[in-house]
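First to last, the protein sequences are chains A and B. Positions 6 to 505 (the working numbering) are the ones given, in order, by the first sequence. Positions 891 to 1039 (the working numbering) are the ones given, in order, by the second sequence. No residue lacks a Cβ here, since even glycine has one placed at the ideal position from N, Cα and C. Just so you know, these numbers come straight off a predicted model, no measurement behind them.
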Amino acid sequence: MDFYVNALLGVLTFGPIMAMVGATILGVFIGALPGLNPVMAIALLLPLTYAMDPLVALGMVAGIYNGSMYGGAIPSILLRIPGTPASIATTFDGFPMAQRGEASKALKVACYSSAIGGIASAIALMTVGPLLAKVTLLFGPAEYFWIAVFGMASVGVMVGSDPVKGLMAALLGLWIGTMGLDNLSGQARYTFDQTWLLGGMPLIVVLVGLYALPPVLQLAEKSDFKGLSAAALKLQAVPFKKGELRRLIPTWFRASGIGISVGILPGAGGNVAAFLSYNTAKNADEDPASFGKGNPKGVAAAECGNNADNAASMIPALALGIPGNVVAALVLSALVIHGLQPGPQLFQQNPVLVGGFMMEMLLTSLLILCLGGALATRVFAQFQRLPGVLLVPSILILMCVGVYVINGRPVDLWVMLFAGIAGYFLEKVNVPLAPIILGMILGPMAEQSVRRALLISRGDATELLTRPISAVLAVATVLVILWPIQKALRNKRSASRKAD
Amino acid sequence: MDRQQDVVLGAFFVVFGLSAAWGATSYSGASGIYPLVLGLLLALTGAIVAVKAVRATAATERVLIDAPVKFCTTIAIAVVYVALVVPLGFYTASFLLMLALPLALGFRRLVYALIMGTVFTSIVFLVFSVFLERPFPREVILTLFGSGG
């Protein structure tokens, strides 16, 4: 109980409250602009949080994450353009509702559903996270090593369409993580006589480049010169019928459960949660044919599902150091920036910070109820009148200023540009970017843990496999890698059988 | 198209991984083993990607760059912008970027771009230089007028 009380006291101060309110508003705005997404926004934000108190920085991350996941519903409903990938399922019923003049009602359903999904997810994080962290007290260097390897293998294999490319991306991240001075021996590795590389490849610079530049380049390629007309953004107030909101309660329960379960699984994201919730709501409904034609339950399921994924994806990230999705990987980066090592020790060493972040995820979900809805949407939707082509240099400038203020080194701007261009092409050839960042974060932990374990066992490598927990984790890692191979072989066999 | 791209991608990672592994052989003791293994695994996964692409029967169309001219224009202007940040100063270079990039991409409402450029650069200045007090490269305009920056 003390854990939560201390965390709440830490959060309910001027700095974190202002950060949460401001970031939630900013998050809704970012989600409402197609082309911008929460990942990009958090990547842009992280360099600016260097000098801030960690609770203020994490409050901003929580606000942007929850706010933008709701904000994505605004263009999905008004224009059938998903503001974020997780709000694709919202278009199915949100846009038909808007077409028959019920945009305001659809936006209210999206707002309530997002808030309920977010709150349920935060409660799951606050209850399951600390329990999982207690189990990790039994861990030694060998277990930490396998946790890092398991995290990278599962995210590498499950993110993206090709498991081999996912593993390749994770290995690339691990390799980048070896650059600079080796902490144990002092050996300079892959520094190419550049003194700025002695501290290693700057994580945040690579992160901003990889996640923020590709969407900017895509915006430039689209070159929208006009923005939207005022007429397209006109809303008409439509009240709820008697009992209409009450009938959404079973949908909210189901979608919250699905979103939380998907969030805990490494590799799956908000879009998977939204689609699964939508399909379940459709199958469970007495009139499934009404889905896709403007059924409010469709909007409720999709929005509740994608927001229920948010805080739940932080459970493996905070307790084990394994992020459930890209935003969780960015949260781990935020912790690294503030000198904190993600993983099991975090709960013991920084309980106020971890608990505070959990509270911030809960409070920013509640804030959506106040800051979302039709009235706020009228304001945020106006930003869609801005020509997209003007956003390109604006975001580029924010990226550069964010990266420059970290170390005051012009070379970082070149690194960011290079990482961004590489990220653009890697994404195009279906190489996922999340495992690269994850490899950079977990790589040093994996290397130091394995070397410590070997030092303790005086070079006996069997130590990595003979301890019960590390043996279980090793087997789980092998299974995670073999599972897609077995699946591919089975598909191939059934395809050849069909051909015969 | 996607097969060719995957062959090139796989081959790149084979060369990259082997180079990384070769570089790791010059590091002493345990600090070389880990990057050596990573380099070899990178080369292995690259080889698998390339071999899979060569053996694939169905080929699908995957466009690498949707609008090559606009893509190259944006990259070129971004490179010039980064190169000018130190000699011109951050805010001068940023204001010029706000004008040059939209115009180069075909935006013809100069006054709109000018207003956006002025407003946006001013906001960035107020937030980072006035409120957060972050140091940036000296503005060339201020140097010309003989004052600090």
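{"Item": "Positions along the region 385-415 of chain A whose CB lies within less than 8 Å of some CB in chain B", "Value": "Pro392, Val394, Leu395, Val397, Pro398, Ser399, Leu401, Ile402, Leu403, Cys405, Val406, Tyr409, Val410, Gly413, Pro415"}
{"Item": "Host alpha helix (DSSP H) of Thr369 of chain A (start-end)", "Value": "356-376"}
{"Item": "Spatial distance of Gly907 of chain B from Leu926 of chain B (CA atoms)", "Value": "9 Å"}
{"Item": "Exposed unless 16 or more other CB atoms sit within 10 angstroms - verdict on Leu1022 of chain B", "Value": "exposed"}
{"Item": "Three CB pairs or more closer than 8 Å across the region 491-503 of chain A and the region 950-959 of chain B", "Value": "no"}
{"Item": "Near-chain B residues of the region 181-198 of chain A (beta-carbon distance less than 8 Å), N- to C-terminal order", "Value": "Thr183, Asp187, Leu189, Ser190, Gln192, Arg194, Tyr195"}
{"Item": "Interface partners of Phe230 of chain A on chain B, CB under 9 Å", "Value": "Pro992, Leu995, Gly996, Phe997, Arg998, Arg999"}
{"Item": "Cα-Cα separation, Thr95 of chain A to Trp257 of chain A", "Value": "14 Å"}
{"Item": "7 Å Cβ cut-off: residues of chain B touching Leu49 of chain A", "Value": "Chain B residues near Leu49 of chain A: none, gap ~12 Å exceeds 7 Å."}
{"Item": "Between the CA atoms of Val267 of chain A and Ile320 of chain A - distance to the nearest angstrom", "Value": "11 Å"}
{"Item": "Coil, strand or helix - Gly185 of chain A by DSSP", "Value": "strand"}
{"Item": "Cut-off 6 Å between Cβ atoms - residues of its own chain near Gly214 of chain A, not counting five sequence neighbours on either side", "Value": "Met421, Ala424, Gly425"}
{"Item": "Bridge partners - Arg194 of chain A, DSSP secondary structure assignment", "Value": "A:Gly185"}
{"Item": "Cβ-Cβ distance between Pro43 of chain A and Leu340 of chain A below 9 Å", "Value": "no"}
{"Item": "DSSP state of Gly1039 of chain B mapped onto helix, strand, coil", "Value": "The predicted position of Gly1039 of chain B is uncertain, since its pLDDT is 44 and thus under 50; a value taken from the coordinates is nonetheless stated next. The answer is coil: DSSP assigns Gly1039 of chain B none of H, G, I, E or B."}
{"Item": "Limits of the alpha helix (DSSP H) - the one that Ser399 of chain A falls within", "Value": "393-412"}
{"Item": "Interface flag, Asp167 of chain A vs chain B, CB-CB below 9 Å", "Value": "yes"}
{"Item": "Length of the line joining the Cα atoms of Ala242 of chain A and Phe100 of chain A", "Value": "16 Å"}
{"Item": "Boundaries (first-last residue) of the alpha helix (DSSP H) holding Gln223 of chain A", "Value": "208-227"}
{"Item": "C-beta contact flag for Leu335 of chain A and Gly68 of chain A at 9 Å", "Value": "no"}
{"Item": "Own chain residues within Cβ distance below 6 Å of Gly1039 of chain B, not counting five before or after", "Value": "With a pLDDT of only 44 at Gly1039 of chain B, under 50, the local geometry of the prediction cannot be trusted, and no value is derived from it."}
{"Item": "Residue-level contact to chain A via CB, Val969 of chain B, 9 Å cutoff", "Value": "yes"}
{"Item": "Nearest-angstrom Cα separation, counted from Ala278 of chain A out to Ala125 of chain A", "Value": "14 Å"}
{"Item": "Limits of the unbroken alpha helix (DSSP H) element including Lys492 of chain A", "Value": "473-504"}
{"Item": "Beta carbon of Ala28 of chain A nearer than 9 Å to that of Ser454 of chain A", "Value": "no"}
{"Item": "Min CB distance Ala946 of chain B to chain A below 9 Å", "Value": "no"}
{"Item": "Members of the region 919-944 of chain B near chain A, C-beta cut-off 8 Å", "Value": "Gly919, Ala920, Ser921, Gly922, Tyr924, Pro925, Leu928, Gly929, Leu931, Leu932, Thr935, Gly936, Ile938, Val939, Lys942"}
{"Item": "Interface residues of chain B facing Ile426 of chain A [CB-CB closer than 8 Å]", "Value": "Ile965"}
{"Item": "Within-9 Å CB hit, Ala225 of chain A to chain B", "Value": "yes"}
{"Item": "CB contact below 9 Å: Leu899 of chain B versus chain A", "Value": "yes"}
{"Item": "Close beta carbons around Ala479 of chain A, own chain, < 6 Å, minus the five adjacent residues each side", "Value": "Trp151, Leu470"}
{"Item": "First and last residue of the uninterrupted alpha helix (DSSP H) at Gln453 of chain A", "Value": "439-461"}
{"Item": "Residue-level contact to chain A via CB, Ser984 of chain B, 9 Å cutoff", "Value": "yes"}
{"Item": "Exposed unless 16 or more other CB atoms sit within 10 angstroms - verdict on Ser499 of chain A", "Value": "exposed"}
{"Item": "Environment of Trp912 of chain B [buried if 16+ CB atoms lie within 10 Å]", "Value": "exposed"}
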